[in-house]
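Just below is one structure, and these are the notes that go with it.
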């Protein structure tokens, strides 16, 4: 029987590459959280300016939208590292370990390919906005390459975390889909302490 652990974090097994990618994903989580806090502070400032000072706001709404979208995209690798994305474990749980590993490899490879497509098209959108000097059609008119940069960066870092997950699965550092096999008393290891 297999059990899904309640607390999951991508394992690195002492591998320096996997550890570095995990650290980078954690940094992304901190950056995303900071962007959310800054967006909340800007929202509070906007409310103060509008309803207490009775003045108009120019940049706040747009800045908050861009920061929340960027926080979402930059936070994707951190959520993947914590296994926080929505999973449907019914099918993998029903499979034997070998088939579960094969399914995990196919799933991760497909997800890496899709993230790669998003990186390519996100980079293309960013580059067009940067090279043509696009700005938003608002009074503030910020340069659009700044918020568009979150697309290739966020999906690129997500793809990097997925590659680390694939490596960990292939090298048996981590169980497929983070589903550990439950040990029965007969299969429990014997000998010295770990």
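In the numbering used here, the protein residues as written are 180 to 373. For each residue, glycine too, the CB sits at the ideal point set by N, CA and C.
DSSP-derived helix/strand/coil call for residue 352 = In the chain shown, residue 352 corresponds to position 173, counting from 1. Looking at residue 352 - three-state DSSP - the assignment turns out to be coil, as it is neither helix nor strand.
request  = Leaving out five residues on either side along the sequence, give the residues of the same chain with a beta carbon under 7 Å from the beta carbon of residue 190.
outcome  = Counting from 1 along the chain shown, the entry for residue 190 is found at position 11. Excluding sequence neighbours, residue 190 sits near 347, 352 and 353.
key: Strand pairing of residue 346, partner residues [DSSP]   = The residue you call residue 346 lines up with position 167 of the chain shown. Paired residues: none, contrary to the question.
ask   = Taking buried to mean at least 16 other C-beta atoms within 10 Å of its own C-beta, is residue 327 buried or exposed?
value = Here residue 327 corresponds to residue number 148 of the chain shown, with the count starting at 1. Under this definition residue 327 is a buried residue.
message = Just to confirm the assignment, what range does the alpha helix (DSSP H) spanning residue 302 have?
response = As a first step, residue 302 is located in the chain shown; it is residue number 123 there, counting from the start. Here the alpha helix (DSSP H) through residue 302 covers 276 to 311.
request  = With DSSP collapsed to three states, give me the class of residue 240.
outcome  = Working through the chain shown from its first residue, we reach residue 240 at position 61. Note: residue 240 maps to helix in three-state DSSP.
request  = Go ahead and label residue 310 buried or exposed: buried means 16 or more other beta carbons lie within 10 angstroms of its beta carbon, across all protein chains shown.
outcome  = As a working mapping, residue 310 is identified with position 131 in the chain shown. Exposed is the call here.
message = Give me, in chain order, the residues of the same chain whose beta-carbon lies closer than 7 Å to that of residue 237; leave out the 5 immediate sequence neighbours on both sides.
response = Here residue 237 corresponds to residue number 58 of the chain shown, with the count starting at 1. Closer than 7 Å at Cβ, skipping near neighbours: 318 and 319.
query = For residue 358, does the three-state DSSP call read helix, strand or coil?
reply = As a working mapping, residue 358 is identified with position 179 in the chain shown. Note: residue 358 maps to strand in three-state DSSP.
message = Here's a check: name, in chain order, each residue in its chain whose Cβ is nearer than 7 Å to the Cβ of residue 287, leaving out the five neighbours to either side.
response = Counting from one through the chain shown, the residue named residue 287 turns up at place 108. Excluding residues within five positions, the ones whose Cβ falls inside 7 Å are 341, 344, 345 and 348.
CA nearest to the CA of residue 335, picked from 358, 306, 325 and 294 = Taking the chain shown and counting its residues from 1, one reaches residue 335 at position 156. When only C-alpha atoms are compared, the closest one is 294.
ask   = Per DSSP, residue 314 is paired with what?
value = Position 135 of the chain shown, counted from the start, is the residue given in the question as residue 314. The partner list for residue 314 (beta bridge, DSSP) reads 322.
request  = Pull up the distance between the alpha-carbon of residue 300 and that of residue 330, whole angstroms please.
outcome  = As a working note, residue 300 is residue 121 in the chain shown. As a working note, residue 330 is residue 151 in the chain shown. Whole-angstrom Cα-Cα distance: 9 Å.
key: Inter-residue CB distance, residue 279 and residue 355 (contact presumed, cutoff 8 Å)   = Here residue 279 corresponds to residue number 100 of the chain shown, with the count starting at 1. Here residue 355 corresponds to residue number 176 of the chain shown, with the count starting at 1. Taking C-beta atoms under 8 Å as the contact rule, residue 279 and residue 355 qualify, at a distance of about 5 Å.
query = For the segment 183 to 218, which segments carrying the beta strand (DSSP E) assignment without a break, of at least 3 residues, lie completely within its bounds, in sequence order?
reply = The qualifying runs do not exist here; there are none.
query = How many Å lie between residue 304 and residue 275 at the Cα?
reply = Working through the chain shown from its first residue, we reach residue 304 at position 125. Working through the chain shown from its first residue, we reach residue 275 at position 96. Straight-line Cα distance between these residues: approximately 43 Å.
key: residue 298, buried or exposed, once every other Cβ within 10 Å from all chains shown has been counted against 16   = Numbered from its first residue, the chain shown carries residue 298 at position 119. Buried.
key: Reduced DSSP secondary structure (H/G/I, E/B, other) of residue 267   = Position 88 of the chain shown, counting from 1, holds the residue named residue 267. Three-state result, residue 267: coil.
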